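Notes for the one structure printed next.
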Amino acid sequence: MGSYTDKIKPSDYGVHTYLENLMKKNYQIPTFQREVVWDRDQVKGLWDSIYKFYPLGSILVWKTDIKLQNHRSIGGHIIAEEDNRTEFQYILDGQQRTTSLLTSLYGGKIEGKGNFDPTLYFDLTVEDEDEVDDDSYKKRFLFWDEIDDRGGTFKPNMGKMKRYGEGLIVKLQDIRQDFGHIERKLQEGAYSDYDHPMRARLRQIRDVLDNYRISFIE
180 MGSYTDKIKP SDYGVHTYLE NLMKKNYQIP TFQREVVWDR DQVKGLWDSI
230 YKFYPLGSIL VWKTDIKLQN HRSIGGHIIA EEDNRTEFQY ILDGQQRTTS
280 LLTSLYGGKI EGKGNFDPTL YFDLTVEDED EVDDDSYKKR FLFWDEIDDR
330 GGTFKPNMGK MKRYGEGLIV KLQDIRQDFG HIERKLQEGA YSDYDHPMRA
380 RLRQIRDVLD NYRISFIE
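Numbering-wise (my numbering), the sequence shown opens with residue 180 and increments by one.
Structure follows, in structure tokens:
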């Protein structure tokens, strides 16, 4: 008979593998978890850590045959349904990060934020900085309300809206799903040089989305 420690093991999954499993309802979040407190700068800071390949804290998952009360949805996405499964995977620590990652890529709805769109965008024009207190991530990662110039009536966003139209501000999820189209738009525009910083950053964030792995304790 194995010891209790044999039942707990570290593992890791790619960001998209984890989120796809979540959307397939393979994880549950018990209702005793505290409510998510969503903060745009914290979400951007999370993605800045991922962008720099810094490690995030492990997500703690409990595998059990015990059925608990759980949240039916997070970030506006249904993640639970009545079924006859015999094993459950409960996220005991990591709901905040999970919600931030899920809504950044798949959109959704944030409690108390009305019609706010939590989908995250990436500005290819923002240069990388090496300073310890670097806060360039606040400009590198953007939400739609920081881009939309409301038909040219909101001047603070007009520059970003122009960059969005030129393909220099792109949705994170599109980078992974439609990388070729985004790169061609840059290549056929003013960025024909393969080594141009804009195209290099596009490849960098694509590699991050493809290769970053999240640690789990299961």
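Cβ atoms here follow ideal geometry from the backbone N, Cα and C, with glycine treated the same way.
For clarity, every value in this text was computed on a predicted model and none was experimentally measured.
Asked                                                                                                                   : Found
Status (buried if at least 16 other CB within 10 Å, exposed otherwise) for glycine 231                                  : According to the sequence provided, residue 231 is lysine. The question's glycine does not apply to it. When all chains shown are included, lysine 231 counts as exposed.
Integer-rounded CB distance, given that isoleucine 354 should sit under 8 Å from isoleucine 191                         : According to the sequence displayed, residue 191 carries aspartate and not isoleucine. That belief does not hold up - the Cβ atoms of aspartate 191 and isoleucine 354 are roughly 22 Å apart, past 8 Å.
Opening and closing residue of the beta strand (DSSP E) in which leucine 381 lies                                       : That residue, leucine 381, is in no beta strand (DSSP E); its alpha helix (DSSP H) goes 376-390.
Reduced DSSP secondary structure (H/G/I, E/B, other) of asparagine 263                                                  : coil
Within 7 Å, strictly: CB atoms of threonine 304 and leucine 347                                                         : yes
Cβ-heavy atom distance, aspartate 309 to the ligand ATP, below 6 Å                                                      : In the structure on display, the ligand ATP does not appear, and there are no ligands present to speak of.
Minimum C-alpha distance to phenylalanine 301 - residue among Leu351, Thr243, Arg378, Asp227                            : Leu351
Short Cβ contact (7 Å threshold) for serine 279 with valine 222                                                         : yes
Unbroken beta strand (DSSP E) run spanning glycine 293, endpoints                                                       : Here glycine 293 belongs to no beta strand (DSSP E), and DSSP marks it neither H nor E.
Environment of isoleucine 361 [buried if 16+ CB atoms lie within 10 Å]                                                  : buried
Close-in-space but distant-in-sequence residues of the same chain around glycine 254 (CB under 6 Å, 5 per side omitted) : Thr278, Leu281, Thr282, Gly287
Which of helix, strand or coil DSSP assigns to lysine 350                                                               : strand
Reduced DSSP secondary structure (H/G/I, E/B, other) of valine 305                                                      : coil
Residue range of the unbroken beta strand (DSSP E) whose run includes tryptophan 241                                    : 238-243
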